Amino acid sequence: MNEISEYLVTARKWRPLTFKDVVGQEHITVTLQNAIKTRRIHHAYLFSGPRGVGKTTTARIYARAINCLNPEGTEPCNKCESCEAILNGRSMDIIEIDGASNNSVDDIRKLRENAKYPPINGTYKMYIIDEVHMLSTSAFNALLKTLEEPPPHLLFVFATTEAHKVLPTILSRCQRFDFRRMDVDLIVKHISHIAEKEKINIDEDSLISIARKADGSMRDAQSIFDQVVAFCGNDIKYEDLSNALHLIDQEFFFRISQSVREHDVREMFTITTEVINRGYDLQECMSGLLEHFRNILSVKAGSTTKLIEGSEKIKQRYKSEAELFSKADVLRFMNLIATSEQSLRFAPQPRIRFELLLVQMAQMDSSIEISKLIKELKKLKKKALNELTIENPQIKSKKEEDTSQKGGNFQKLPNEKNKKTEDEVVIDKVSETKKKGETKPINDVEKIMNGKSQVVRTNTVADSDFLKQGWEEFKKQYATSKYQLFVLTQSDIVVPLFFNGEIVLQCKSDFVYENISNKIVNLKEYLNKYYQSQVNVRLVMHDFTKTEENLPDSAEIKPDNKSNKENNTKTSYEKYSEISSENISPIEEALIDMFGAKQVKIYRNEK
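In numbering that gives the first Met the number 0, the protein residues as written are 0 to 606.
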């Protein structure tokens with residue numbers, strides 16, 4: 000007859016016997032030890048947390064510690080009669096109950112009857128009810144009175160993985176301790192310690208794989224370790240462990256990310272075929288793929304590999320992989336995978352759904368950040384303007400303007416800083432031009448003094464180019480609700496024409512015309528203040544749907560005849576010539592094509 004094996008599984012053989020042996024739950028063990036030291040023993044405790052993190056083990060250690068005949072401080076000796084009875088499961092004072100199978104009112108009534116009797120060997124009688132959330136509502140209610148006013152010798156320890164299912168009336172009568180999920184490093188360290196004691200060789204990749212497979216449960220990690228030892232013997236390699244646990248090779252995920260970069264659709268179908276032939280679960284593949292891109296994103300965002308659960312070799316590989324992707328692309332991939340993972344559960348043909356995901360990822364183009372796109376457009380615009388200036392020397396770059404000036408404080412306008420001294424001579428031609436009632440462009444009035452070209456400002460009105468350059472900035476400052484000139488920003492109903500010393504506003508409707516007319520005095524005041532020069536404003540009605548033949552040649556001058564005469568200026572609308580598309584330079588054509596502009600009819604005032 001075969002002998003019964005004395006083999007104990009790792010989870011039982013290496014179960015902690017003292018508080019200091021409990022891994023990763025120091026916040027609980029220290030609290031319980033302090034309670035023992037100060038003799039502040041509570042009558043009811045609730046231990047909650049994931050499976051396999053030490054809830055029942057801690058309850059047993061606590062039971063031995065408070066009943067130990069020869070305690071070592073706050074630790075049980077594990078040698079006295081009371082400790083040995085509890086360790087062997089034959090103590091009459093420590094009763095463990097499975098809440099899932101003893102969940103009726105009758106079971107709780109029986110418990111209440113037995114709870115009246117004092118302990119036999121120890122100081123306290125303790126009931127450890129595992130999975131207490133499985134008790135029925137009636138059973139909970141039957142326990143309330145005993146739990147609220149228990150005998151002095153009676154203690155309760157409730158253990159559960161779902162504390163939210165426990166009645167609030169029970170929770171309010173207990174001290175609650177939440178056990179933490181084990182992290183990978185803790186599990187790796189503990190399994191490595193067990194392997195060393197058991198004289199089993201195991202590599203780092205295998206330890207990390209066991210820890211990740213355990214998903215935060217030390218008991219699960221120990222069970223997986225037993226399974227791997229049974230398959231591999233005392234020398235465990237990652238390749239053998241991968242076959243024993245049927246783990247998905249991470250090389251698949253790196254191949255997928257490489258195919259995404261290379262837009263290799265064919266390789267995606269090859270990878271899918273290999274995954275199916277090896278019998279991998281497609282749901283696990285998608286979860287692994289999502290975690291793969293999560294690792295890339297964590298390196299990309301924090302420039303560190305601390306958040307990756309893997310060996311140093313894997314971490315360095317992810318560091319290199321992160322340099323090949325942008326954060327925007329990785330986020331798009333993760334969002335697509337998460338959506339596909341959810342739909343895969345209900346897909347009638349999971350393989351096709353998985354292939355569709357991989358093909359979509361392979362055909363996705365790289366995204367461009369808006370900020371980078373704007374910078375590139377600014378560079379192209381600057382380059383185009385430079386080329387346009389070289390081809391047409393008469394066009395002056397805006398760089399020549401004093402960028403430190405704001406609003407109407409242009410360098411060419413008269414102000415306190417730009418006032419000329421008495422030694423400067425005003426050109427006679429300017430005076431003659433003024434007498435004739437003609438306006439001369441400011442940038443044409445120059446004085447050659449001491450070999451330097453200097454602009455000599457006169458009291459003439461501003462030229463049309465100057466008014467046009469400052470118009471957009473004027474609208475930013477004054478075309479607001481504060482100044483009640485917001486209508487000027489509506490370029491489809493108010494179109495300005497710029498002439499020497501005068502701005503003509505073409506209004507689309509009578510309403511717009513009347514609206515601006517009521518503010519014409521303030522508008523002139525703001526223009527004069529902004530340009531620091533006399534600027535006349537005229538309003539005309541203009542039908543924008545008509546052709547160039549209906550330009551405002553004979554437009555009636557509204558409220559500004561008097562001021563126009565006072566300025567002794569005469570605006571000419573007599574000659575207009577259309578610039579046809581044949582006269583557009585190659586640079587202008589390139590700009591139109593580059594920025595997607597539309598050609599409109601342009602008119603030049605010929606003097």
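Even glycine gets a Cβ: it sits at the ideal position worked out from N, Cα and C.
Values in this document were obtained by computation on a predicted structure and should not be read as measured data.
The residue from P75, K36, D225, A64 with its alpha-carbon nearest to that of A10 is D225. Bridge pairing for P495: L504 [DSSP]. Take the alpha-carbon of A220 and the one of H152: they are about 37 Å apart. Look at E74 here: in three-state DSSP terms it is strand. With a contact defined as Cβ atoms closer than 8 Å, V165 and V131 qualify at about 6 Å. In the structure shown, S365 adopts coil according to DSSP, grouped into three states. Here the stretch 333–345 makes no contact with the stretch 299–315; the two share fewer than three CB pairs at distances below 8 Å. N334: member of the alpha helix (DSSP H) spanning 326–343, first to last residue. Sequence-distant partners of L16 (beyond 5 residues in either direction) whose C-beta falls short of 6 Å from its own C-beta, in its chain, are N77.
A Cβ-Cβ distance of about 5 Å is found for the pair A321 and K299, placing them in contact under the 8 Å criterion. Here the stretch 83–100 makes no contact with the stretch 189–206; the two share fewer than three CB pairs at distances below 8 Å. Runs of the beta strand (DSSP E) lying entirely within the stretch 169–214 and spanning at least 3 residues, in chain order: 174–177.
A Cβ-Cβ distance of about 6 Å is found for the pair Q24 and R179, placing them in contact under the 8 Å criterion. Just so you know, the alpha carbons of R331 and F18 end up roughly 47 Å apart. In chain order, F18, T73 place their CB closer than 7 Å to the CB of Q32, counting only its own chain and leaving out the 5 sequence neighbours on each side. Judged by DSSP secondary structure, K318 falls within the alpha helix (DSSP H) whose first and last residues are 311–321.
Of the residues V264, N294, H262, F251, the one whose Cα lies closest to the Cα of L281 is F251. Contact between the stretch 374–381 and the stretch 277–293 is absent: fewer than three C-beta pairs spanning the two stretches fall below 8 Å. Taking the Cα positions, K305 is about 12 Å away from I295. Between T159 and L143, the C-beta gap is not smaller than 8 Å, which leaves the two residues out of contact. Distance from V520 to N527 at the Cβ level is roughly 11 Å; contact not present, criterion being Cβ atoms closer than 8 Å.
Contact between S47 and A162 is confirmed by a C-beta separation of about 4 Å, below the 8 Å threshold. A distance of 8 Å or more separates the beta carbons of A141 and I94. Shown here, Y44 sits in a strand according to DSSP, grouped into three states.
Here F253 is not near Y44, since their CB atoms are 8 Å or more apart.
Taken through DSSP and simplified to helix, strand or coil, N535 comes out as strand. Your pair T37 and T57 does not check out as a contact, with CB atoms roughly 19 Å apart and the cut at 8 Å.
Linking I235 to G53 through their CA atoms gives a straight-line distance of about 27 Å. In its chain, beyond the 5 residues on either side, F332, M360, A361, M363 have a beta carbon closer than 8 Å to the beta carbon of V259. Looking at the DSSP output, F157 sits in a beta bridge with L45, I128. Boundaries for I247: no beta strand (DSSP E) harbours it, and the DSSP string shows neither H nor E there.
By alpha-carbon distance to A62, the top candidate from H42, L246, P49 is H42. Rounded to the nearest angstrom, the gap between the Cα atoms of A64 and L185 is 25 Å. Burial is judged here by how many other beta carbons sit within 10 angstroms of a residue's own beta carbon; E501 has at least 16 and is buried. For I519, the enclosing alpha helix (DSSP H) begins and ends at 519–530. The residue among E71, I199, Y126 with its C-alpha nearest the C-alpha of T55 is Y126.
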